[in-house]
Structures are given as structure tokens and as C-alpha cells.
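Trainee:
Residue numbers (mature numbering (1 follows the signal peptide of the UniProt record, and there is no 0)): -22 to -1, 1 to 302.
#1: Considering only their Cβ atoms, is the gap separating residue 264 from residue 97 smaller than 9 Å?
#2: How is residue 248 classed by DSSP in three states: helix, strand or coil?
#3: Under three-state DSSP, which class holds residue 292?
#4: Write down every uninterrupted run of the beta strand (DSSP E) in the region 109 to 153 whose length is 3 residues or greater and which is fully enclosed by it, in chain order.
#5: Go ahead and pull the three-state DSSP assignment for residue 104.
#6: I need the boundaries of the beta strand (DSSP E) containing residue 73, first residue and last residue.
#7: Is DSSP giving residue 327 helix, strand or coil here?
#8: DSSP has residue 9 in a bridge; who is on the other side?
#9: Ordered along the chain, which non-local residues of its own chain (more than five positions away) have a Cβ less than 7 Å from that of residue 12?
#10: What first and last residue would you give for the alpha helix (DSSP H) that runs through residue 31?
#11: Name the DSSP bridge partner or partners of residue 233?
#12: Using the DSSP secondary-structure output, state which residues sit across from residue 321 in a beta bridge.
#13: Give a yes or no on whether the C-beta atoms belonging to residue 268 and residue 211 are separated by under 9 Å.
#14: Can you give the Cα-Cα distance for residue 82 and residue 118, rounded to whole angstroms?
#15: What does residue 202 pair with, by DSSP beta-bridge criteria?
#16: If you run the structure through DSSP and keep just helix, strand and coil, what is residue 299?
#17: Considering only the alpha carbon of each residue, which of 156, 183 and 150 lies closest to residue 164?
#18: Which residue comes first and which comes last in the beta strand (DSSP E) that contains residue 163?
#19: Measuring only the C-alpha atoms, how far is residue 255 from residue 271?
#20: Using a Cβ-Cβ cutoff of less than 7 Å, which residues in the same chain neighbour residue 227 once the five nearest sequence positions on both sides are dropped?
#21: When DSSP labels each residue in this structure, what does residue 209 get in the three-state scheme?
#22: Over what stretch of residues does the beta strand (DSSP E) that includes residue 46 continue unbroken?
#23: Am I right that residue 160 and residue 134 are in contact with their C-beta atoms under 8 Å? What's the rounded C-beta distance?
#24: Name the residue from 179, 209 and 173 whose alpha carbon lies nearest to the alpha carbon of residue 190.
#25: Suppose the cutoff is 6 Å on Cβ atoms and the five residues either side in sequence are ignored; what does the same chain contact list for residue 7 look like?
#26: Would you say residue 56 and residue 35 are within 9 Å of each other, going by their C-beta atoms?
#27: Tell whether a beta-carbon distance below 9 Å holds between residue 72 and residue 59.
#28: Let me know the secondary structure DSSP gives residue 260 once reduced to three states.
#29: Spell out the partners DSSP gives residue 14 in its beta bridges.
#30: Here's the rule I'm using: 16 or more other beta-carbon atoms within 10 Å means buried, otherwise exposed. How should residue 170 be labelled?
#31: So the alpha helix (DSSP H) residue 93 belongs to, where does it begin and stop?
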């Protein structure tokens, strides 16, 4: 395990390891498995799901059929998983936002993530990168803060929506620093990128995979990453902590199922997905996208959900963030 993988895994490590899921006792699967992806087809989520599920299907001896259910900040897709029969034939993908952040924002949620979902394993993670407009006269976080303080009206920053990690990171960065920053939410990463390149917003956080191409093409300027250590793709870009900002966050992708899914089936799925994740071809593929495979013990993902949800809940409460 290289230092970056250790660092990302350390952010998500649980204090103790639980026993493995119960061994499978009945044949499973005996028919294709529906895999709900709570985002639109195309882009990184689609790419990762197709690559991994093709190989998982080979291990399980059944096809994994990707079913895209976008909308409502991924709540529609996650709701499909929650309401499915807990028989192992409807599973899906979730990430930081719908599983740990949005539950703190929904006043009338259609489901309770901690009560209604079985988190089986995490299978990929990524740093977030702070980028600025390429012509902005700043090269690090200190200079960005100074620029914001000196500019009438402060700084405009973009995000992919109110209450997203991209939004909350700026709220965290501004805590106690007397910064005037205006949040401009957009419908997605592509709209945010257009805005930052046209200088409608001056700064933006997003996951490394989405940022690699614009960074390499010189369309935006990276000034920080949110991991404990620097990342191989951007070795010259310092971490937030190196620059005196106490922020360590990774975005992750995990396998989820309906809560009552039998332990034996969860065990089979855990073994298949982590087995594929350990394959060199998978780790090479993920690295090319700016992701890493996360080695996590049985039960570790489930144990992280409560503390992670509370962490984001505190940030949301402290900054009085609502969807209204």
C-alpha cells in the first residue's frame, strides 16, 4: 500500500474491526443483479461502475445490470435501493453526499440512511482539489485568503449545489477567517467549470478525477488538495493542512443494499467487490482516473456511517445551512 492509499484509508479507518459477514449458505446469485447508479449515465460514476461490475459479474457468474436513476441529488436512486426487496438482486452505489451529508439537510426524508441501508464496502476514494481561475493572481491558499480580503465584495466560489461537499468545504475554510465569500451553486461540474474559466466564480472544489483534464490543459490552477498527504497526480500541489487549514476530506464510493439483505449475501458481495478491487488491473484503472481502491474490512463501512454523518451534521448546523 503506497503512502497515498494509506493516507486516504486512514481518513476512513474504523477504530476496530468486526467479524466477517456470515458465510454464504444458499446459492447466490442465480439470476442477473440490478445495480442502481443514482446519477445520469456518462462521466466518472458510469465509467467506474461499468469497469468494476463487469469483473464482479464474472466472479459471481451473473451479469450486473447497471440501472441509472438520477435526480434529486441522488435521492431518487438511493430510494430505489431502500425500497427494493432485500434479496441481493437490487444493490447500488452511494457516495459521501447522499449517504452522509444530505440526511442532515432533508427536513422530510423519504428514508433514513442509517436505518434503511446496508453499507457493504467502500471500493474507491478520491481527494478533492481546490482550483482557481487560471489568471487569478494567487498560487496558494494564503494568497487566496489575502486576495479575498482585499477585493471589494470578496470572492465568488462555485459548487454543484447547496449542502454539497464542495459548498461545505468553503464554509469550513472561511471559519474564523473573516472572509467575504459568495456561494454560487450550479447544476453540475461542467457548469461550474464554465463559470470558473469565465471568471464568474474565482474558486471551486471538486474531486480529482473531474479536475485532472482541465488542470493538465491549463484551464484552471490547482492550489490545494484535501488529503493528509500530497497526491501522485499533483505532486507539487500542497495539502490544505500544509497550508495551515485544518481540512482533511476525501470523497468515496461505496456498495450499498437494502438494510435487511441477509448477511450471507452481503458476505458474497463484499468478497466479490473487494476481490475485484485488489486486482492489479482494477487498481491501475482507478489510478488512471485519479481514484484509489480502498481496502476495508467487513463491517468497516457500516461503522463509519454514523460518525461521518454526525461530522457533516455539525458543520451544517454550525454554518446554519439549509436547502430553503
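Beta carbons: idealized from backbone N, C-alpha and C, even for Gly.
Mentor: Let me lay it out:
#1: no
#2: helix
#3: helix
#4: 133 to 137
#5: strand
#6: 68 to 73
#7: Any property of residue 327 remains undetermined from this structure, which presents the chain solely from -22 to 302.
#8: For residue 9, which the question treats as bridged, DSSP gives no partner whatsoever.
#9: 43, 45, 67 and 68
#10: 21 to 38
#11: 71 and 99
#12: Nothing about residue 321 can be read from this structure; the chain reaches only from -22 to 302.
#13: yes
#14: 32 Å
#15: 108
#16: coil
#17: 183
#18: 159 to 163
#19: 6 Å
#20: 106, 143, 147 and 204
#21: coil
#22: 42 to 46
#23: 5 Å
#24: 209
#25: 38 and 40
#26: no
#27: yes
#28: helix
#29: 45 and 70
#30: buried
#31: 91 to 94
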